[in-house]
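One structure below.
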Amino acid sequence: MRLGRVIGNVWATRKEEGLQGLKLLIIQPVDAYGKAVRTHFVAADRIGAGKGDHVLVTSGGSSRFIDKDNPILIDAVIIGIIDSTEVERGEIDGTSNWND
Amino acid sequence: MRLGRVIGNVWATRKEEGLQGLKLLIIQPVDAYGKAVRTHFVAADRIGAGKGDHVLVTSGGSSRFIDKDNPILIDAVIIGIIDSTEVERGEIDGTSNWND
Amino acid sequence: MRLGRVIGNVWATRKEEGLQGLKLLIIQPVDAYGKAVRTHFVAADRIGAGKGDHVLVTSGGSSRFIDKDNPILIDAVIIGIIDSTEVERGEIDGTSNWND
Amino acid sequence: MRLGRVIGNVWATRKEEGLQGLKLLIIQPVDAYGKAVRTHFVAADRIGAGKGDHVLVTSGGSSRFIDKDNPILIDAVIIGIIDSTEVERGEIDGTSNWND
Amino acid sequence: MRLGRVIGNVWATRKEEGLQGLKLLIIQPVDAYGKAVRTHFVAADRIGAGKGDHVLVTSGGSSRFIDKDNPILIDAVIIGIIDSTEVERGEIDGTSNWND
Chain A
691 MRLGRVIGNV WATRKEEGLQ GLKLLIIQPV DAYGKAVRTH FVAADRIGAG KGDHVLVTSG
751 GSSRFIDKDN PILIDAVIIG IIDSTEVERG EIDGTSNWND
Chain B
691 MRLGRVIGNV WATRKEEGLQ GLKLLIIQPV DAYGKAVRTH FVAADRIGAG KGDHVLVTSG
751 GSSRFIDKDN PILIDAVIIG IIDSTEVERG EIDGTSNWND
Chain C
691 MRLGRVIGNV WATRKEEGLQ GLKLLIIQPV DAYGKAVRTH FVAADRIGAG KGDHVLVTSG
751 GSSRFIDKDN PILIDAVIIG IIDSTEVERG EIDGTSNWND
Chain D
691 MRLGRVIGNV WATRKEEGLQ GLKLLIIQPV DAYGKAVRTH FVAADRIGAG KGDHVLVTSG
751 GSSRFIDKDN PILIDAVIIG IIDSTEVERG EIDGTSNWND
Chain E
691 MRLGRVIGNV WATRKEEGLQ GLKLLIIQPV DAYGKAVRTH FVAADRIGAG KGDHVLVTSG
751 GSSRFIDKDN PILIDAVIIG IIDSTEVERG EIDGTSNWND
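Protein chains in written order, with our numbering: chain A, 691 to 790; chain B, 691 to 790; chain C, 691 to 790; chain D, 691 to 790; chain E, 691 to 790.
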């Protein structure tokens with residue numbers, strides 16, 4: 691899963707079938723220390739993520755099955771809102787609460 | 691999903707089965723601010739996107755199922771034409787209407 | 691789909707089951723203007739592409755199903771031989787016939 | 691599969707269905723010599739990997755099937771804890787025990 | 691498929707189910723001229739590849755089905771040992787026997 695920060699919303703009236711009502715958020719990928727890496731992408735959200743939240747995103751074919759009986763045309767979905775991480779930073783370990 | 695801008699068309703007479711009549715558009719990937727990033731790719735379109743439109747593109751195995759009962763040999767499909775985005779830009783939030 | 695140019699052939703006697711007789715071509719990925727980008731890869735071909743042709747390539751899990759009833763161990767397949775493209779180039783639009 | 695080193699943990703209370711109780715580890719991708727490459731990602735772990743371990747990670751749609759009868763929304767899973775590798779280094783071959 | 695050269699072995703005692711006895715090789719990706727590109731990865735091998743061999747590797751969800759009735763948790767598999775390639779090099783075409 692990729693680590694990311696929600697930085698915005700995107701709206702599209704004209705879209706493929708099966709995507710009505712799906713919330714679409716713009717994600718800034720970040721590394722384990724919260725630093726921005728690479729370019730933005732868009733992920734579906736069903737768990738109530740909002741701007742500023744640090745999130746876990748599942749990409750690729752797996753994300754298609756957020757409704758098992760009704761696969762839809764997406765390739766990225768937010769699967770968790772991060773409470774905290776514990777990461778070694780060089781020699782020193784650090785704990786941080788990302789969304790407090 | 692990737693953010694992109696439609697920059698052209700591509701035509702191929704000789705092709706694999708199941709792709710007859712499918713509109714194929716050339717996409718310039720962009721970031722959340724509309725800036726070009728990375729290299730071009732080609733996506734199928736069924737929702738009427740045209741040159742200059744900002745679009746959302748689903749890639750990978752998910753895109754194969756634009757017709758659930760008849761999966762086809764594609765790996766990218768336009769799933770939405772973007773009306774507008776709302777993205778934080780450093781400290782300041784910005785709203786833009788991409789396709790007006 | 692990726693844009694590419696066929697630059698060669700590859701032969702392998704010892705291979706996994708199900709790949710006998712499958713033509714394997716070496717592809718140079720190109721951008722919408724035909725400029726080489728990134729590194730070479732190999733794609734299966736069933737539509738008669740040859741060296742110098744500009745082609746469309748489907749990658750990933752989708753390509754496995756070139757024979758729906760008999761999925762095989764590939765991750766890239768040529769799905770079209772490009773006749774022509776029409777791409778905006780900065781302010782000016784350009785039309786080109788890639789394989790003439 | 692990618693080679694990686696476990697560098698931390700991530701916790702998320704609010705998450706998608708089917709992910710309760712799944713251990714999520716932060717991975718630093720490494721090359722065959724153990725050198726850090728690219729950016730961090732998160733993988734599910736069911737085999738008891740811990741911080742400092744060198745691991746093999748399966749990514750993409752394959753990882754969804756860690757429970758065959760109950761596919762879940764993940765795109766990376768640790769499939770092995772590396773005991774040792776044997777890699778040529780330029781002209782010289784080297785053997786190393788990564789997790790001793 | 692990616693082009694690669696086998697540069698080593700990796701051993702893991704503790705691993706996910708279904709991977710017992712599977713040979714795992716470390717691959718150096720190469721371009722069409724045999725030049726190293728990008729970073730190492732690990733692929734399963736069932737066709738007897740060994741160190742120094744140039745190989746074709748299938749990645750992603752396709753590789754999961756090396757045993758159709760018993761999909762396993764891998765994302766890369768060697769599908770062929772390259773005998774020879776024929777690639778244009780600028781204006782000049784070149785033929786090489788990679789594994790002789």
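For every residue, glycine included, the Cβ atom is placed at its ideal position computed from N, Cα and C.
Non-local beta-carbon contacts of Met691 (chain B) in its own chain, meaning distances under 7 Å to residues more than five positions away in sequence, involve Leu746, Val747, Thr748 and Ile769 in chain order. The beta carbon of Ala722 (chain B) falls within 8 Å of a beta carbon belonging to chain A, placing the residue at that interface. For a Cβ distance threshold of 7 Å, residue set Trp701, Ala702 and Thr703 of chain B lies close to Asp773 (chain C), ordered along the chain.
Within the model, the alpha-carbon separation for Asp757 (chain C) versus Val720 (chain C) is close to 27 Å. Residue contact with chain B for Lys713 (chain A): absent (no Cβ-Cβ distance below 8 Å to any residue of chain B). Residue nearest to Ala722 (chain A) within the set D:Lys725, D:Ile717 and D:Gly724 is D:Ile717 (criterion: CA-CA distance). The CB of Leu709 (chain C) never comes closer than 7 Å to any CB in chain B; the least such distance is about 17 Å. Note on geometry: alpha-carbon atoms of Val727 (chain E) and Gly711 (chain C) lie some 29 Å from one another.
Within the region 710-765 of chain C, the runs of beta strand (DSSP E) at least 3 residues long that lie entirely inside it are, in chain order, 713-719, 731-735 and 744-749.
Close CB contacts of Glu706 (chain C) within its chain, under the 8 Å cut and outside five residues either way in sequence, are with Leu763 (chain order). For Ile737 (chain B), same chain residues with a beta-carbon under 7 Å away, outside a window of 5 residues either side, are Ile768 and Ile771 in chain order. For Arg692 (chain B), a Cβ of chain A is located within less than 8 Å of the residue's own Cβ. Think of a sphere of 7 Å around the beta carbon of Ala766 (chain E): the chain D residues whose beta carbon falls inside it are Met691, in chain order.
Taking a 10 Å sphere around the C-beta of Thr775 (chain C), we find 16 or more other C-beta atoms and assign the residue as buried. Not one beta carbon of chain B lies nearer than 8 Å to the beta carbon of Gly770 (chain A). Look at the region 725-740 of chain D: the residues with a C-beta under 7 Å from a C-beta of chain A are Thr729, His730, Phe731 and Val732.
Distance check between Asn760 (chain C) and each of C:Leu709, C:Gly698, C:Val732 and C:Gly694 places C:Leu709 closest, using alpha-carbon atoms only.
Of all residues in the region 746-758 of chain A, those with a C-beta nearer than 8 Å to a C-beta of chain D are Leu746, Thr748, Ser749, Gly750, Gly751, Ser752, Ser753, Phe755, Ile756 and Lys758, reading in chain order. In the DSSP assignment, the residues bridged to Gly694 (chain C) are C:Pro719 and C:Val745.
Straight-line measurement puts the Cα of Ala766 (chain A) at about 35 Å from the Cα of Ala739 (chain E). In this structure, DSSP gives Gly770 (chain B) an extended state, which the three-state scheme calls strand. Taking a contact as a CB-CB distance under 8 Å, the pair Gly694 (chain C) and Val777 (chain E) does not count as one, their CB atoms being some 14 Å apart.
For Val777 (chain C), the nearest beta carbon of chain B is closer than 8 Å to its own beta carbon. Rounded to the nearest angstrom, the gap between the Cα atoms of Lys741 (chain A) and Val700 (chain A) is 12 Å.
Between Ser752 (chain B) and Gly751 (chain A), the C-beta spacing is below 8 Å. Going by beta carbons, Lys713 (chain D) and Asp743 (chain D) fall outside the 8 Å limit. Chain E has a Cβ within less than 8 Å of the Cβ of Pro761 (chain C). Each residue's CA atom was taken as its position, placing Asp773 (chain C) and Val732 (chain B) some 14 Å apart.
Ranked by Cα distance from Leu715 (chain B), the first of B:Arg754, B:Phe755 and B:Val696 is B:Val696.
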